[in-house]
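Colleague: Dropping a structure here in structure tokens format, bear with me for questions.
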Amino acid sequence: MFDNKTILITGGTGSFGHKYTKTILERYKPKRLIILSRDELKQYEMQQIFNAPCMRYFLGDVRDADRLMQAFNGVDYVIHAAAIKQVPAAEYNPMECIKTNIYGAENVIKAAIANNVTKVIALSTDKAAAPINLYGATKLASDKLFVAANNMVGKGKTRFSVVRYGNVVGSRGSVVPFFKKLIEEGADHLPITHVEMTRFWITLQQGVDFVLKNFARMYGGEIFVPKIPSVHIKDLANAYAPGLETKIIGIRPGEKLHEIMCPADDSHLTLEFDDHFVICPSIKFYNDEHCYERNLIDELGLPVPQGAEYHSGRNPDFLTVEQIVEFDKLAEL
Numbered sequence: 001m002f003d004n005k006t007i008l009i010t011g012g013t014g015s016f017g018h019k020y021t022k023t024i025l026e027r028y029k030p031k032r033l034i035i036l037s038r039d040e041l042k043q044y045e046m047q048q049i050f051n052a053p054c055m056r057y058f059l060g061d062v063r064d065a066d067r068l069m070q071a072f073n074g075v076d077y078v079i080h081a082a083a084i085k086q087v088p089a090a091e092y093n094p095m096e097c098i099k100t101n102i103y104g105a106e107n108v109i110k111a112a113i114a115n116n117v118t119k120v121i122a123l124s125t126d127k128a129a130a131p132i133n134l135y136g137a138t139k140l141a142s143d144k145l146f147v148a149a150n151n152m153v154g155k156g157k158t159r160f161s162v163v164r165y166g167n168v169v170g171s172r173g174s175v176v177p178f179f180k181k182l183i184e185e186g187a188d189h190l191p192i193t194h195v196e197m198t199r200f201w202i203t204l205q206q207g208v209d210f211v212l213k214n215f216a217r218m219y220g221g222e223i224f225v226p227k228i229p230s231v232h233i234k235d236l237a238n239a240y241a242p243g244l245e246t247k248i249i250g251i252r253p254g255e256k257l258h259e260i261m262c263p264a265d266d267s268h269l270t271l272e273f274d275d276h277f278v279i280c281p282s283i284k285f286y287n288d289e290h291c292y293e294r295n296l297i298d299e300l301g302l303p304v305p306q307g308a309e310y311h312s313g314r315n316p317d318f319l320t321v322e323q324i325v326e327f328d329k330l331a332e333l
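Counting in full-length UniProt numbering, the sequence shown runs from 1 upward without gaps.
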């Protein structure tokens, strides 16, 4: 579906953007693949890796509505990946986080509708489910905006959905590069926040593949959640540095002991498919009536039990130490 189409990714110089670009160029023949971001150095560095004739690099910020109106001209598909993601940075710079994650989402929606973009998928996070930090709260607001945007299109064709997933192995700012750096520097211990802490775990390639498939699945208004394994933080430390001492440093401000991707309060809206969940919209769309139980590629989902919750600490699928090591090898491919 991406052959001879124009695709744009906001925040495209990040970890997701690199893997997404590599995947698109290997599997499809896009008309144009546009990387929109605000850092010219990261764009320059990315151009040294990806310089196919279809590639375009646009400087711009999602806070700049006029720039998005211009950049989205002629675009068929948009992935909105731009965000302020670091929890401590968001807590310390709350207005900056709000400007990018909420007002930026609004600008993306308006530009997509004005330019008659076919489909938009916004990337979300497990921290948007029952949020306790500002980053999660802004992403929850963003998710709500993108779902409700399907009511703003009138007779237009643009449709919006959301993809929500957990910690990405090896992404910038995540715990894995931090652990590896400490190990390389000869640290005598690894700091872990809490011995019982768990997280959902996914590779960048799995995240990219899930997003791409959801463009084919989506009607508009869904929040897609992949079924992925969990890890214990103590097992993570043991996988990367067997036998190295760990020290408990305590849960940082804004952190949870466990993460949730499908809250119990949304169980009446949640459908379970073979390899993913869908949280259906809580509002009705003016011109659209969809049976979300059967998606556009004919997969069938069933309602989850009342009160069911997709919770990293109660996930039936946990990685062993050996499997964490294999996941790391996959992440480097």
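Think of the CB as a built atom: it goes at the ideal place given N, C-alpha and C, for glycine as much as any other residue.
Using DSSP bridges, identify the partner residues of ILE122.
Modeller: Just to set this straight, residue 122 is Ala in the shown sequence, not Ile. HIS80, VAL162.
Colleague: Please report the Cβ distance between MET46 and THR13, rounded to the nearest whole angstrom; I am assuming they are in contact, meaning their Cβ atoms lie under 8 Å.
Modeller: Yes, they are in contact, since the Cβ atoms of MET46 and THR13 sit about 5 Å apart, within 8 Å.
Colleague: Which ranges would you report for the beta strand (DSSP E) in the region 201 to 285 if only whole runs of at least 3 residues count?
Modeller: Qualifying beta strand (DSSP E) stretches, in chain order: 223 to 226, 230 to 232, 245 to 248, 260 to 262, 270 to 272, 276 to 279.
Colleague: Determine which residues share a DSSP beta bridge with ARG199 and list them.
Modeller: Answer is VAL231.
Colleague: Would you check if the distance between the CB atom of TYR57 and the CB atom of VAL208 is smaller than 9 Å?
Modeller: For TYR57 and VAL208, no; Cβs fall outside 9 Å.
Colleague: How about ASN107 and ALA65: are their beta carbons less than 9 Å apart?
Modeller: Contact: yes.
Colleague: On a CA-only basis, which of PHE200, ARG252, ILE9, THR270 is nearest ASN315? Give me that one, please.
Modeller: ASN315 has its Cα closest to that of PHE200, out of PHE200, ARG252, ILE9, THR270.
Colleague: Taking the continuous beta strand (DSSP E) assigned at ARG38, which residues delimit it?
Modeller: Element bounds for ARG38: n/a, residue is neither H nor E.
Colleague: Within a Cβ cutoff of 8 Å, which residues of the same chain sit near PRO88, ignoring the five residues on either side of it in sequence?
Modeller: These residues qualify, in order along the chain: ARG252, PRO253, GLY254.
Colleague: Identify every residue that forms a DSSP beta bridge with ARG56.
Modeller: ARG56 is bridged to ILE34.
Colleague: From the DSSP output, in three-state form, read off ASP288 for me.
Modeller: ASP288: strand per DSSP, three-state reduction.
Colleague: For the alpha helix (DSSP H) holding LEU145, just list the boundary residues, first then last.
Modeller: Looking at the DSSP string, the run of the alpha helix (DSSP H) that includes LEU145 is 134 to 148.
Colleague: Determine the DSSP secondary structure at TYR300, reduced to helix, strand or coil.
Modeller: Sequence inspection shows Leu at residue 300; the Tyr mentioned does not correspond to that position. DSSP places LEU300 in strand when its eight states are reduced to three.
Colleague: State buried or exposed for ASN115, treating a residue as buried only when at least 16 other CB atoms are found within 10 Å of its CB.
Modeller: Flag for ASN115 reads buried.
Colleague: What is the rounded straight-line gap between the Cα of GLU293 and the Cα of PRO53?
Modeller: Taking the straight line joining both Cα atoms gives about 40 Å.
Colleague: Between the C-alpha atoms of PRO30 and ASN151, what's the straight-line distance to the nearest angstrom?
Modeller: The alpha-carbon atoms of PRO30 and ASN151 are separated by roughly 29 Å.
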